[in-house]
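Asks: Numbering of the sequence shown is given in the working numbering, commencing with residue 83 and proceeding in unit increments.
Cβ coordinates follow ideal geometry from the N, Cα and C atoms, glycine included.
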Amino acid sequence: MKKYLCFFLLMVLIKTVVAQTANPQQYKYVFTVAKDGSGEYTTIQGAIDAMRVYPLAPITLYIKNGVYNEKIELPANNTDVSFVGESVDSTIIVFDDYSGKGNHTTFTSYTAKISGNRFRAQNITFANAAGRVGQALALYVDADKAVFVNCKFLGNQDTIFTAGETSRQLFYNCYIEGTTDFIFGPSTAVFQQCT
């Protein structure tokens, strides 16, 4: 009888611990990124690096106005993440890599690489400031079911690469600027009310 009681108590304890770790309410899911230090993070990549992989609930990064001069990468194991900018004209993610700079190719020249499925961005400018030096991606997106709403994509050659043959992306009410092949890639991408 004592064995069964110990076993029963152990099972209750395990169930309680598992229930507490699986409770999405105990984790924070909205974080603020602000260059001035008024948020939890001062860089977007710093916030991404601190995220729980395969989160239990969607995560939102509220990104305050500022020019974020950084190369960012959202890995495939960071799913259901949203970037919400304070304003599309003043929340800017920019970098200046290009194909031929160091060991960079077209596909590593991105300012932002988004691989986490069900990603959403709103009110953000993604820019590559390399200029007329060849291929220089503002956005490399291979995430499935990625949505970009009211965003700007600024570059010169190869501004947006929609990667992944089975990936699907939606761009709604976005502004896209570039020259040669400024939108390219094998994924299924829909551009609605974009200029």
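Please identify the residue among Val112, Asn199, Ala218 whose C-alpha is closest to the C-alpha of lysine 153.
Replies: Nearest of Val112, Asn199, Ala218 to lysine 153, Cα basis: Ala218.
Asks: Among the candidates Ile242, Thr248, Thr261, whose CA atom is the shortest distance from the CA of phenylalanine 273?
Replies: Among Ile242, Thr248, Thr261, the Cα nearest to that of phenylalanine 273 is on Ile242.
Asks: Shortest alpha-carbon distance to threonine 124 belongs to which of Gln251, Lys146, Ser169, Asn205?
Replies: Nearest option by C-alpha distance: Lys146.
Asks: Just to confirm, is the Cβ distance from threonine 190 to leucine 236 under 8 Å?
Replies: In this structure, leucine 236 does not lie closer than 8 Å to threonine 190 by Cβ.
Asks: Could you compute how far the alpha carbon of aspartate 224 sits from the alpha carbon of asparagine 159?
Replies: Distance between the alpha carbons of aspartate 224 and asparagine 159: 13 Å.
Asks: For asparagine 105, name the three-state secondary structure that DSSP assigns.
Replies: In this prediction, asparagine 105 has a pLDDT of 43, which is less than 50 and means its spatial position is unreliable; nothing more can be read from the coordinates.
Asks: By the 10 Å Cβ neighbour count, where 16 or more other Cβ atoms means buried, how is threonine 262 classified, buried or exposed?
Replies: It counts as exposed.
Asks: Along the chain, which unbroken stretches of the beta strand (DSSP E) at least 3 residues long are found entirely within the region 125-199?
Replies: Runs found: 141-145, 148-151, 154-156, 163-167, 173-177, 194-196.
Asks: Between asparagine 238 and cysteine 256, is the Cβ-Cβ spacing less than 8 Å?
Replies: No, these two residues do not count as a Cβ contact at 8 Å.
Asks: Give the DSSP-derived three-state secondary structure of isoleucine 242 in the structure shown.
Replies: Strand, per DSSP.
Asks: Skipping 5 residues on each side, what residues in its chain have a beta carbon closer than 8 Å to that of leucine 87?
Replies: Low local confidence applies: a pLDDT of 45 at leucine 87 is under 50, so the model's placement there is unreliable, with the coordinate-based value given in what follows. So the list is empty, once near-sequence residues are dropped.
Asks: Output needed for lysine 227: all residues of its chain with C-beta closer than 7 Å, excluding positions within five of it in sequence on either side, in chain order.
Replies: Hits under 7 Å: Asn199, Arg200, Arg250.
Asks: Can you tell me which residues form a DSSP beta bridge with alanine 203?
Replies: Bridge partners of alanine 203: Phe165, Phe230.
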